[in-house]
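Okay, so here's the structure we're looking at.
Protein chains: 4
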Amino acid sequence: MSDRSAEKKQHIIKCAREVFAQKGFLAVTMKDIVEACEISRGGLYLYYDNTASLFLDVLKYDEEDAEKDSEDISGDMTSAELLAVFFKEQKKLILRKKNRLWRAIYEYCFDQKDAPGENFIQKQFDGGVRIIETLIAGGVADGDFVCEDPAAKARGMMYVLEGMRLLSTASAISPKEVDREILSMMQEIVVD
Amino acid sequence: MSDRSAEKKQHIIKCAREVFAQKGFLAVTMKDIVEACEISRGGLYLYYDNTASLFLDVLKYDEEDAEKDSEDISGDMTSAELLAVFFKEQKKLILRKKNRLWRAIYEYCFDQKDAPGENFIQKQFDGGVRIIETLIAGGVADGDFVCEDPAAKARGMMYVLEGMRLLSTASAISPKEVDREILSMMQEIVVD
Amino acid sequence: MSDRSAEKKQHIIKCAREVFAQKGFLAVTMKDIVEACEISRGGLYLYYDNTASLFLDVLKYDEEDAEKDSEDISGDMTSAELLAVFFKEQKKLILRKKNRLWRAIYEYCFDQKDAPGENFIQKQFDGGVRIIETLIAGGVADGDFVCEDPAAKARGMMYVLEGMRLLSTASAISPKEVDREILSMMQEIVVD
Amino acid sequence: MSDRSAEKKQHIIKCAREVFAQKGFLAVTMKDIVEACEISRGGLYLYYDNTASLFLDVLKYDEEDAEKDSEDISGDMTSAELLAVFFKEQKKLILRKKNRLWRAIYEYCFDQKDAPGENFIQKQFDGGVRIIETLIAGGVADGDFVCEDPAAKARGMMYVLEGMRLLSTASAISPKEVDREILSMMQEIVVD
DNA sequence: CATGAATGAGAGTTCATTCAT
DNA sequence: GATGAATGAACTCTCATTCAT
Chain A
2 MSDRSAEKKQ HIIKCAREVF AQKGFLAVTM KDIVEACEIS RGGLYLYYDN
52 TASLFLDVLK YDEEDAEKDS EDISGDMTSA ELLAVFFKEQ KKLILRKKNR
102 LWRAIYEYCF DQKDAPGENF IQKQFDGGVR IIETLIAGGV ADGDFVCEDP
152 AAKARGMMYV LEGMRLLSTA SAISPKEVDR EILSMMQEIV VD
Chain B
2 MSDRSAEKKQ HIIKCAREVF AQKGFLAVTM KDIVEACEIS RGGLYLYYDN
52 TASLFLDVLK YDEEDAEKDS EDISGDMTSA ELLAVFFKEQ KKLILRKKNR
102 LWRAIYEYCF DQKDAPGENF IQKQFDGGVR IIETLIAGGV ADGDFVCEDP
152 AAKARGMMYV LEGMRLLSTA SAISPKEVDR EILSMMQEIV VD
Chain C
2 MSDRSAEKKQ HIIKCAREVF AQKGFLAVTM KDIVEACEIS RGGLYLYYDN
52 TASLFLDVLK YDEEDAEKDS EDISGDMTSA ELLAVFFKEQ KKLILRKKNR
102 LWRAIYEYCF DQKDAPGENF IQKQFDGGVR IIETLIAGGV ADGDFVCEDP
152 AAKARGMMYV LEGMRLLSTA SAISPKEVDR EILSMMQEIV VD
Chain D
2 MSDRSAEKKQ HIIKCAREVF AQKGFLAVTM KDIVEACEIS RGGLYLYYDN
52 TASLFLDVLK YDEEDAEKDS EDISGDMTSA ELLAVFFKEQ KKLILRKKNR
102 LWRAIYEYCF DQKDAPGENF IQKQFDGGVR IIETLIAGGV ADGDFVCEDP
152 AAKARGMMYV LEGMRLLSTA SAISPKEVDR EILSMMQEIV VD
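Chains as they are written, first to last, in our numbering: chain A, 2 to 193; chain B, 2 to 193; chain C, 2 to 193; chain D, 2 to 193.
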């Protein structure tokens with residue numbers, strides 16, 4: 002792919018992201034994308050055959066962004082501190098109103114459920130579990146946390162986060178509510 | 002509405018339910034319903050103007066069914082036993098593969114988010130919280146449970162259940178996994 | 002036809018008149034009529050098979066009404082006075098905004114142009130010509146009017162009236178404008 | 002708009018004109034147009050959203066045509082001669098059987114009566130009045146005509162023409178009849 | 001007679017997708 | 001590569017008309 006091509010793709014992805022954030026996945030048509038990108042109808046088809054393949058690229062581009070954001074996390078924090086940071090980040094994602102893709106992601110996954118081990122939500126969930134598990138284990142080693150089964154605990158926590166994310170997407174949830182749940186989860190493992 | 006009319010409505014609701022269970026909410030067209038019910042194109046419009054109003058009736062009919070099912074719960078069980086029954090029921094709902102409406106419900110709520118305090122998912126969530134809270138409080142009174150803040154606990158549990166429901170809808174979840182989470186939630190409140 | 006039947010027909014005609022006055026002829030559906038009459042769908046078909054046959058009856062009923070109205074004209078007026086009354090009546094019909102059927106009549110006649118010598122507009126026109134012609138002739142005999150060819154004059158006057166009626170139906174016309182034309186027509190024949 | 006596009010539009014307008022001439026305005030469907038143009042269903046919507054906007058273009062195209070036709074009028078004729086030519090032209094328009102748009106124009110204007118000062122019939126009428134008025138005034142100056150109030154006379158004449166046009170559209174009118182009226186109008190102003 | 005549920009034809013409209021330029 | 005006109009399939013919705021009750 003030439004540079005020009007890659008640039009154009011970036012442009013499409015960026016505009017399409019807005020559309021998906023606004024309308025979810027299922028209701029978005031190729032026409033919507035074309036209009037948002039201000040490119041030609043045929044032009045879009047040179048890069049993407051359907052909304053699904055485009056949406057996958059939107060997700061990829063979003064992940065890259067997220068990684069860049071989280072790079073500044075590193076440093077010399079303790080596991081306990083890192084877990085707090087992780088929760089704070091999740092809280093932000095859960096409460097974000099504008100430009101969030103959750104609705105689209107849900108709709109996409111419902112639609113592509115049969116896909117081969119490539120389920121985005123599952124991956125996201127597993128990734129979260131792994132991070133939390135590692136941090137809890139680290140905290141236990143540091144003497145900050147007490148937890149018999151970090152893996153099980155991590156799963157439970159991720160379910161809570163997913164539940165809140167869903168409620169936020171389908172209805173609404175207050176920052177206070179999220180804080181309460183996070184606090185409650187922390188208290189369950191932290192050494193008094 | 003005459004008996005005849007009500008019967009027909011029941012028929013439409015029943016057939017439509019299948020369609021929604023299979024295709025979700027957004028992808029379902031009036032044509033799909035017409036074909037599933039084997040009625041005429043115009044005939045459906047006699048009863049429902051759009052998929053949304055029909056879907057609302059499907060949900061209502063589903064709730065009535067659920068109430069009938071849960072009537073046989075009553076009896077002389079303790080709160081602790083009742084909570085176990087509640088979780089078992091939830092497990093069944095979470096794991097059900099066929100004929101479940103979750104996907105459709107999610108898609109419907111995403112689409113109608115602005116609706117006036119009539120959010121189905123929120124109502125479902127609040128209802129669950131109320132039940133759990135009551136049962137925990139009862140269990141505490143019976144000396145079966147220990148819990149400082151039953152309301153907060155109930156919310157946390159419902160988030161876990163919602164999280165599992167979502168994972169099950171968008172990806173998959175094993176009975177063992179559900180059992181583990183339920184067991185873990187019970188252990189947190191049960192007196193050793 | 003039984004009395005009851007005739008009564009019902011009257012009811013349908015009366016309601017249908019409103020509909021035609023408001024929507025013209027072509028845009029009116031059998032459904033519109035049914036709703037306006039608050040009778041059953043099938044019920045209407047017992048009396049009228051289509052909007053055209055119903056409209057014909059509306060016109061007939063309207064004519065009967067008009068005749069009743071004009072009965073009180075009689076008396077001991079001169080032809081010149083009667084012509085003035087006729088013009089005044091026409092003026093009222095031309096300027097009437099509510100409940101007038103002109104639009105519907107035009108649309109109906111356009112649609113049924115091929116009909117066999119039953120053209121409503123033509124009949125109306127011819128009727129008007131006959132009246133004016135008679136009155137002019139009478140006026141000439143009385144020495145009030147001067148006119149070489151009353152028939153030709155009458156036709157010319159009816160064209161003016163038709164032209165004003167059309168303008169009023171398709172656009173708008175002011176009472177002053179109508180007065181001016183009527184005055185001008187009178188002056189052409191009146192003895193100075 | 003590209004040349005190609007303009008050409009296609011011309012083609013649509015031309016075919017649509019036939020349809021409107023034949024069926025009037027209200028009874029014409031987008032489907033009728035599609036079939037007459039032999040283009041695709043969606044293709045028509047690329048150019049026109051509804052029959053009304055298309056009809057407006059048909060009228061515009063017709064006016065342009067009319068202007069071309071009347072260009073050869075110019076020259077060194079007297080006002081009196083020009084008025085005769087104008088009446089002859091009107092006679093032709095009134096008597097034309099095929100491809101005339103009057104019915105469609107009437108139906109369109111009835112339907113769009115509320116439109117903002119853009120009434121086609123009114124404009125047509127006012128235009129005619131202006132022409133006649135100018136020509137009468139010119140004729141008076143030349144000593145060919147006698148007329149105290151050319152403006153009033155012009156209005157009266159246009160009403161006669163409109164009346165004849167309506168009769169011709171809704172019923173029928175003979176060339177002799179039109180000639181008689183025109184002659185009669187001329188005699189009223191011509192110097193003996 | 002009267003009802004109104006039911007049917008099915010047909011109009012309107014939108015889009016995914018193709019293809020000549 | 002890029003464009004955007006063109007196509008045709010699919011869906012929504014409305015009504016005239018029928019018919020069992």
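Glycine is no exception: its CB is placed at the ideal position from the N, C-alpha and C atoms.
Which term fits Met158 of chain A, buried or exposed, when burial requires 16 or more other beta carbons within 10 angstroms of its beta carbon?
Label assigned to Met158 of chain A: buried.
Give a yes or no on whether 9 Å exceeds the smallest Cβ distance from Ile122 of chain D to chain C.
yes
If we define contact as Cβ-Cβ less than 9 Å, is Arg101 of chain B a contact residue for chain A?
no
For Val20 of chain B and Ala37 of chain B, which I take to be in contact (beta-carbon distance under 8 Å), what is that distance rounded to the nearest angstrom?
5 Å
In whole angstroms, what separates the C-alpha of Ile34 of chain A from that of Ser54 of chain A?
13 Å
Please report the straight-line C-alpha distance between Gln113 of chain C and Phe111 of chain D, rounded to a whole angstrom.
Those two C-alpha atoms are separated by around 18 Å.
Counting only Cβ-Cβ distances shorter than 9 Å, please list the residues of the region 168-192 of chain C near chain D, keeping chain order.
Leu168, Thr170, Ala171, Ser172, Ala173, Glu178, Arg181, Glu182, Ser185, Met186 and Glu189
Pick helix, strand or coil for Phe88 of chain D, following the three-state DSSP scheme.
Phe88 of chain D falls in the helix class under three-state DSSP.
Determine the direct distance from the alpha carbon of Thr30 of chain A to that of Gln91 of chain C, and round the result to whole angstroms.
Going by C-alpha positions, Gln91 of chain C is about 59 Å away from Thr30 of chain A.
By the criterion of Cβ-Cβ separation under 9 Å, what are the contact partners of Phe210 of chain A in chain B?
Only positions 2 to 193 of chain A appear in the structure, and residue 210 of chain A is not among them; the question remains open.
Is Lys9 of chain B near the ligand SAM, in the sense that its beta carbon is under 8 Å from a heavy atom of that ligand?
Looking for the ligand SAM in the displayed structure turns up nothing, as the structure carries no ligands at all.
Hey, does Glu108 of chain A have any beta-carbon neighbour from chain B nearer than 9 Å?
yes
Using the three-state DSSP reduction, which class does Phe26 of chain C fall into: helix, strand or coil?
coil
Can you list, in chain order, the residues of its chain whose CB lies under 7 Å from that of Ile132 of chain C, leaving out five sequence neighbours each side?
Phe87
List, in order along the chain, the chain C residues whose C-beta lies closer than 8 Å to that of Met49 of chain D?
Per the sequence shown, the amino acid found at residue 49 of chain D is Tyr instead of Met. In chain order: nothing, as chain C lies at least about 20 Å away.
Using 8 Å as the threshold, is the region 75-83 of chain A in touch with the region 138-157 of chain A, meaning 3 or more CB pairs across them?
Contact between the region 75-83 of chain A and the region 138-157 of chain A is present: three or more C-beta pairs spanning the two stretches fall below 8 Å.
With Ile122 of chain D and Ala171 of chain C assumed to form a contact (beta carbons below 8 Å), what rounded beta-carbon distance in angstroms separates them?
4 Å
Expressed to the nearest angstrom, what Euclidean distance is found between the alpha-carbon atoms of Lys10 of chain D and Ala105 of chain C?
Computed Cα separation, rounded: 33 Å.
In terms of DSSP beta bridges, what is Val191 of chain B paired with?
B:Phe146
Where Asn100 of chain B falls, given that 16 or more other Cβ within 10 Å makes a residue buried
With fewer than 16 Cβ atoms within 10 Å of its Cβ, Asn100 of chain B is classed as exposed.
Once the 5 residues before and after Val161 of chain C are set aside, which same chain residues still bring their CB inside 8 Å of it?
Glu182 and Met186
Thr79 of chain D by DSSP, collapsed to three states: which one?
coil
Can you tell me which of the three DSSP states Lys98 of chain D falls into?
Lys98 of chain D falls in the coil class under three-state DSSP.
Would you kindly work out how many angstroms separate the C-alpha atoms of Thr52 of chain D and Lys32 of chain A, rounded to a whole number?
24 Å
Considering only C-alpha positions, which residue in the set B:Ala22, B:Leu96 and B:Glu178 is nearest to Phe56 of chain B?
B:Ala22
Please name the residues in the region 25-37 of chain C whose beta-carbon is closer than 7 Å to at least one beta-carbon of chain D, in chain order.
Gly25, Leu27 and Ala28
Measure the alpha-carbon distance for Glu178 of chain A versus Ile13 of chain A and round it to whole angstroms.
Their backbone Cα atoms lie some 37 Å apart in a straight line.
Residue burial classification, Ser6 of chain B (beta-carbon count within 10 angstroms, cutoff 16)
Exposed, since its Cβ has fewer than 16 Cβ neighbours within 10 Å.
Mind listing the chain A neighbours of Ala153 of chain B? Cutoff is C-beta to C-beta under 7 Å, in chain order.
Arg181 and Ser185
So which residues on chain A does Lys126 of chain B lean against when the C-beta distance must stay under 7 Å?
As written in the sequence, residue 126 of chain B is Phe, which differs from the Lys given in the question. By Cβ distance, chain A contributes Leu168.
Any C-beta of chain D sitting closer than 9 Å to the C-beta of Glu163 of chain C?
yes
Closest to Tyr48 of chain B by C-alpha separation, out of B:Gln188, B:Leu94 and B:Ala17, would be which residue?
B:Ala17
What's the gap between the Cα of Pro151 of chain C and the Cα of Phe126 of chain C?
15 Å
Applying a beta-carbon distance threshold of less than 8 Å, which residues of chain A neighbour Phe111 of chain B?
Gly25, Arg104, Tyr107, Glu108, Thr170 and Ala171
So is Arg156 of chain C in contact with chain D if we call contact Cβ pairs under 9 Å?
yes
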